[in-house]
Amino acid sequence: MYPNPLKQRLRDGDIILGSALPAPSPHAAGTVLDTNPDFLWADTEHMPYGTEVLDSILVLSRMRGVAPMVRVAWNDPALIKKAYDAGAVAVMVPQVDTAEAATLAVERARYAPQGKR
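Residue numbers (my numbering): 1012 to 1128.
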């Protein structure tokens, strides 16, 4: 898991601005990154991202100093691991509406002994 450069800024009360990526394309990511957002998030729940495209977008974001985030399609350990392994600094997990589902999502995002990644 990569360090999240936004955590301290949020603790300091800074305003953080970012963008969702409108299409699963490195070209679209480049255009959005030209606006100098603090973060960029890729929505793999509602968009058809392939592994290579997602990897390219997250690497491009990190190279530009922008924090890449990913919304995974489901609370699935393989999807959460894939997002972090590709370079995300944060992962959003949809359909988390119980304490048990939230606990599972956190466990799947952390390495042992805090988690089960």
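For every residue, glycine included, the Cβ atom is placed at its ideal position computed from N, Cα and C.
Same chain only: Cβ atoms within 6 Å of residue i, ignoring 5 sequence neighbours per side
i, result
"Lys1067", "It is worth fixing the name first, because residue 1067 is Ser in this sequence and not Lys. Counting only Cβ-Cβ distances below 6 Å, and skipping sequence neighbours, we find Pro1037."
"Glu1118", "Gly1126 and Lys1127"
Start-to-end residues for the beta strand (DSSP E) that takes in residue i
i, result
"Arg1075", "No beta strand (DSSP E) contains Arg1075, which DSSP labels as neither H nor E."
"Gly1029", "Gly1029 to Ala1031"
Distance CB(residue i)-CB(residue j) smaller than 7 Å
i, j, result
"Ser1072", "Leu1090", "no"
"Ala1101", "Met1080", "yes"
"Val1077", "Pro1048", "yes"
"Val1104", "Ala1094", "no"
Per DSSP, the bridge partner or partners of residue i
i, result
"Asp1066", "Looking at the DSSP assignment, Asp1066 forms no beta bridge with any residue, so it has no partner."
Three-way DSSP call (helix, strand, coil) for residue i in this model
i, result
"Leu1051", "strand"
"Arg1119", "helix"
"Val1100", "coil"
Unbroken alpha helix (DSSP H) run spanning residue i, endpoints
i, result
"Gly1041", "Pro1037 to Leu1044"
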